[in-house]
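These notes concern the structure reproduced below.
Chains as they are written, first to last, in this note's numbering: chain A, 7 to 340; chain B, 227 to 302.
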């Protein structure tokens with residue numbers, strides 16, 4: 007008998023929750039393929055380690071961008087491999103709940119559900135990431151009070167106001183932590199004349215990236231390829247430089263939070279001043295981001311206890327209570 | 227014999243119609259009960275099991291073990 011699954015199919019990471027067991031898989035959403043034969047060579051951590059370091063015949067790709075499937079076949083194969091790794095076979099076809107960005111189109115929704123069904127799921131239902139995040143962050147969304155959750159993922163940033171088990175206001179932008187990495191790559195190329203890979207850009211973000219000034223800031227020594235000479239070169243980057251480099255992306259995220267606040271009904275808006283907003287998702291871990299949102303909205307911002315797992319835990323709760331929470335699924339609301 | 231058969235058919239049709247009508251006209255209480263059930267399933271108590279399962283040390287998910295990238299050294 008198949009155990010039903012909840013999947014957080016993120017642009018950056020994929021997490022799988024198994025009914026009755028908890029989180030059983032947490033890996034980067036990366037797949038490595040043989041360019042000539044199309045054969046899958048690696049997935050997850052192993053494929054992530056290959057990014058930017060592969061010989062010509064291997065390509066390591068992220069099949070999702072901005073929370074949407076960019077390569078249907080590759081995504082289907084990645085989902086099939088994930089399901090196989092957690093024990094799904096052609097004889098055990100589980101029900102699956104998949105977390106997706108709230109702003110995805112009807113075509114993108116169908117692409118996700120079709121990919122899951124063809125990969126071995128008996129039934130595939132979708133749930134919006136901010137709703138799943140609010141459930142997983144243990145916010146009191148069953149009460150008639152305003153709960154605000156900001157989910158900053160790899161490719162999307164979503165802010166939602168939730169009350170009485172439903173979304174009251176929602177704002178989503180297709181901007182996330184990968185855009186921060188890209189902004190760093192572009193800045194280093196433009197200002198220092200060296201090319202760095204996406205993994206190095208991510209390392210810079212984690213090491214010295216911030217959305218607002220923080221105490222104990224340090225500089226970072228970064229090595230890349232000199233664009234003029236083609237030789238390896240090392241430069242020193244400061245936190246101020248990185249803040250400047252990523253400011254456009256951070257501003258877009260903060261402005262989407264402000265727009266969501268503006269959409270909230272006044273009765274709920276006053277709740278936020280008392281209860282605050284909750285930040286989830288890997289992008290929310292950027293230093294100073296909570297402070298910057300708090301400064302620009304004048305609303306307290308709190309970090310969820312489990313920012314990386316909140317979304318899949320929320321979907322996991324839905325799979326544990328499938329019949330009672332059916333109306334949470336996209337396309338099932340009456 | 228025919229009378230008995232006709233009686234059985236009439237009873238069956240009656241039961242079928244009664245069931246069909248009952249299914250077509252949900253009472254207003256159904257909506258209340260369904261919504262209550264939905265909210266109960268979202269209560270913090272109902273969610274405790276899932277959250278506790280996550281916090282249990284035996285089943286913590288494996289965190290990605292990212293190797294240090296030689297491209298970046300911080301603290302200089």
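Here a beta-carbon is modelled for each residue, glycine too, at the ideal position from N, C-alpha and C.
Note that the coordinates shown come from a computational prediction; the quantities given were computed from them, not determined experimentally.
What is the C-beta distance between residue 155 (chain A) and residue 139 (chain A), in whole angstroms, given that I count them as a contact (C-beta under 8 Å)?
-> That belief holds up - the Cβ atoms of residue 155 (chain A) and residue 139 (chain A) are roughly 5 Å apart, short of 8 Å.
Could you tell me if residue 273 (chain A) is buried or exposed, where buried requires 16 or more neighbouring beta carbons within 10 angstroms of its beta carbon?
-> Classification for residue 273 (chain A): exposed.
Beta-carbon contacts of residue 65 (chain A) that lie in its chain and below 6 Å, excluding the five residues immediately before and after = Within the same chain, residue 65 (chain A) has close Cβ partners 39 and 41.
Identify the continuous beta strand (DSSP E) that holds residue 32 (chain A) and give its terminal residues.
-> For residue 32 (chain A), the enclosing beta strand (DSSP E) has its first and last residue at 28-34.
Report the residues of the segment 141-155 of chain A with a CB closer than 7 Å to any CB of chain B, ordered along the chain.
-> The residues in question are 141, 144, 146, 147 and 148.
Opposite residue 163 (chain A) in the DSSP bridges: which residues?
-> The partner list for residue 163 (chain A) (beta bridge, DSSP) reads A:158 and A:179.
Buried/exposed call for residue 90 (chain A), threshold 16 Cβ in 10 Å | Its Cβ having fewer than 16 others within 10 Å, residue 90 (chain A) is exposed.
Interface positions of the segment 255-272 of chain B facing chain A (Cβ-Cβ less than 9 Å), listed along the chain | Flagged, chain order: 260, 261, 263, 264, 265, 266, 267, 268, 269, 270 and 272.
Within the chosen definition, does the segment 238-245 of chain B reach the segment 326-340 of chain A through at least 3 CB pairs nearer than 8 Å?
-> Segments in contact, no.
Does the Cβ of residue 313 (chain A) have 16 or more other Cβ atoms within 10 Å, making it buried, or fewer, making it exposed?
-> Answer is buried; the Cβ neighbour count reaches 16.
Residues bridged to residue 5 (chain A) (per DSSP) = The structure shown has nothing for residue 5 (chain A), since chain A only spans 7 to 340.
May I ask which residues mark the beginning and end of the beta strand (DSSP E) holding residue 250 (chain A)?
-> Bounds of any beta strand (DSSP E) do not take in residue 250 (chain A); it lies within the alpha helix (DSSP H) bounded by 245-269.
Are the beta-carbon atoms of residue 1 (chain A) and residue 255 (chain A) separated by less than 9 Å?
-> This structure cannot speak to residue 1 (chain A), because chain A is shown only from 7 to 340.
Of the residues A:130, A:166 and A:158, which one's Cα is nearest the Cα of residue 147 (chain A)?
-> Of A:130, A:166 and A:158, the residue nearest in Cα terms is A:166.
Residue 151 (chain A) in three-state terms, based on DSSP | Looking at residue 151 (chain A) - three-state DSSP - the assignment turns out to be coil, as it is neither helix nor strand.
So with Cβ pairs under 9 Å, would you call residue 241 (chain B) a contact of chain A?
-> Closer than 9 Å: no.
Specify the secondary structure class of residue 266 (chain B) as computed by DSSP and reduced to three states.
-> Shown here, residue 266 (chain B) sits in a helix according to DSSP, grouped into three states.
Exposure of residue 266 (chain A), with buried meaning 16 or more beta-carbon neighbours within 10 Å = That one is buried.
Please classify residue 231 (chain B): is it buried, with 16 or more other beta-carbons within 10 angstroms of its beta-carbon, or exposed?
-> Exposed, because fewer than 16 other Cβ atoms sit within 10 Å of the Cβ of residue 231 (chain B).
Which residues in the same chain as residue 234 (chain B) place their Cβ atom closer than 6 Å to its Cβ, once the five residues preceding and following it in sequence are excluded?
-> Apart from sequence neighbours up to five positions away, no residue of its chain approaches residue 234 (chain B) with a beta-carbon distance below 6 Å.
Please classify residue 289 (chain A): does DSSP put it in a helix, a strand, or coil?
-> DSSP places residue 289 (chain A) within a helical segment (H, G or I) once states are collapsed to three.
Hey, could you find the ends of the beta strand (DSSP E) residue 39 (chain A) is sitting in?
-> Residues 37-40.
Reducing DSSP to helix, strand and coil, say where residue 276 (chain A) ends up.
-> In the displayed model, residue 276 (chain A) falls within a helix according to three-state DSSP.
Alpha helix (DSSP H) runs wholly inside the segment 50-120 of chain A, at least 4 long, in chain order = 50-54 and 78-91, all fully within the segment 50-120 of chain A.
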